[in-house]
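Written below as structure tokens is the structure these notes are about.
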């Protein structure tokens, strides 16, 4: 049986999280495909490099992780996501990105070896480029970017610090120092995503509230119009029934007035006529409103 989100978590917070996860899966699809295919151009760039025997195992592991990521994305798309499950699905991609970052770092670590200076610089360039390019893809879910970028950068930096060459040894210190800048850049992007999504849901709430108020106003107006119409129909129907006895009473008093009364009855008839006239005037005024 489906359960409602926990009362301790605002519903809109859960919906924002679910939307961030949806965006993560949407943007991770091309990244997973590139992860599977990028082994070929990387292998081409390192064609002249001296690679260890287990380098191909790392390449195969990267392809396998990319395929597993694609499978996870397809499974996510086939399911009707409950907001309660959003964090779990997000954590799945965090895990896959952690593995991807570690594998890419180990692959570049293995490729560094006893290569030429240009090849080593290319490897450093690849590590930084991959870290930067991953930011817009994974920024909607900051933990996924941290899981991917941190092992990639730190493993490459650890390899550089083992070098006797001053340039590469210095780069081994500078690259980890750049990691907080990359993380801050991704965090700012994640914050922008979060704020824009919150604003979108607030606008949805505002539109829903305005629509509700408009419907209430229209319902109140319709009720007032129906009540006014009912009043008009009632007064139109009652007009004849209320005026008829007054008209008859005025005829009776007029008949009595035409007969020769004594002085006492004449005064009474005059008072009746005055009262009937005043009552008829009041009823006419009331019924004409």
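Numbering (our numbering), first residue to last: 15 to 303.
A virtual CB, placed ideally from N, CA and C, is assigned to each residue, including glycine.
Note that the structure is a prediction, hence the values are computed from the model and not measured.
Compare the Cα-Cα distances from residue i to each of the options and report the closest residue.
i: residue 54; options: 37, 67, 223 and 72; result: 72
i: residue 100; options: 235, 222 and 39; result: 39
i: residue 166; options: 290, 119, 28 and 240; result: 119
i: residue 31; options: 173, 159 and 98; result: 98
i: residue 48; options: 29, 83 and 36; result: 83
i: residue 37; options: 132, 293, 137 and 103; result: 103
i: residue 205; options: 43, 153 and 126; result: 153
i: residue 124; options: 131, 132 and 137; result: 137
i: residue 28; options: 160, 208, 232 and 173; result: 208
i: residue 169; options: 180, 126 and 56; result: 126
i: residue 160; options: 107, 286, 218 and 294; result: 107
i: residue 131; options: 158, 174 and 157; result: 174
i: residue 171; options: 295, 235 and 135; result: 135
i: residue 195; options: 164, 52 and 247; result: 164
i: residue 26; options: 56, 219, 288 and 178; result: 219
i: residue 157; options: 56, 178 and 203; result: 203
State the Cα-Cα distance for the pair residue i and residue j, rounded to the nearest angstrom.
i: residue 227; j: residue 155; result: 36 Å
i: residue 121; j: residue 92; result: 33 Å
i: residue 237; j: residue 223; result: 21 Å
i: residue 193; j: residue 176; result: 19 Å
i: residue 96; j: residue 105; result: 15 Å
i: residue 66; j: residue 80; result: 22 Å
i: residue 211; j: residue 34; result: 8 Å
i: residue 90; j: residue 240; result: 52 Å
i: residue 70; j: residue 213; result: 47 Å
i: residue 290; j: residue 243; result: 30 Å
i: residue 42; j: residue 180; result: 38 Å
i: residue 286; j: residue 293; result: 10 Å
i: residue 233; j: residue 295; result: 37 Å
i: residue 288; j: residue 230; result: 50 Å
i: residue 133; j: residue 68; result: 19 Å
i: residue 162; j: residue 50; result: 16 Å
i: residue 52; j: residue 185; result: 25 Å
i: residue 305; j: residue 85; result: Given a span of 15 to 303 for the chain in the structure shown, any question on residue 305 remains unanswerable.
i: residue 225; j: residue 245; result: 30 Å
i: residue 56; j: residue 178; result: 25 Å
Assign residue i to one of two classes, buried (16 or more other C-beta atoms within 10 Å of its C-beta) or exposed (fewer than that).
i: residue 183; result: exposed
i: residue 221; result: exposed
i: residue 216; result: exposed
i: residue 22; result: Unreliable placement is indicated for residue 22, whose pLDDT of 41 sits below 50; the coordinate value is still reported in the next sentence. With fewer than 16 other Cβ atoms within 10 Å, it is exposed.
i: residue 110; result: buried
i: residue 20; result: No answer about residue 20 holds up, because its pLDDT of 44 lies below 50 and its placement is not dependable.
i: residue 58; result: exposed
i: residue 45; result: buried
i: residue 87; result: buried
i: residue 15; result: Any reading at residue 15 needs caution, since the residue's pLDDT is 39, under 50, leaving its predicted position unreliable; the model's value is listed next. It counts as exposed.
i: residue 18; result: Reliability fails at residue 18, whose pLDDT of 45 lies under 50, so the model's placement of it is uncertain and the value that follows must be treated cautiously. The residue in question, residue 18, is exposed, as its Cβ has fewer than 16 Cβ neighbours within 10 Å.
Could one say the Cβ of residue i lies closer than 8 Å to chain B's Cβ atoms, at least one of them?
i: residue 172; result: Note that chain B does not occur in the displayed structure, where there is just one protein chain.
Give a yes or no on contact between the segment 76-88 and the segment 103-119, applying the rule of three or more CB pairs nearer than 8 Å. yes
Pairing CB atoms from the segment 193-211 with CB atoms from the segment 143-152, are three or more of them under 8 Å? yes
The segment 183-190 in contact with the segment 123-143 per 3-pair CB rule at 8 Å: yes
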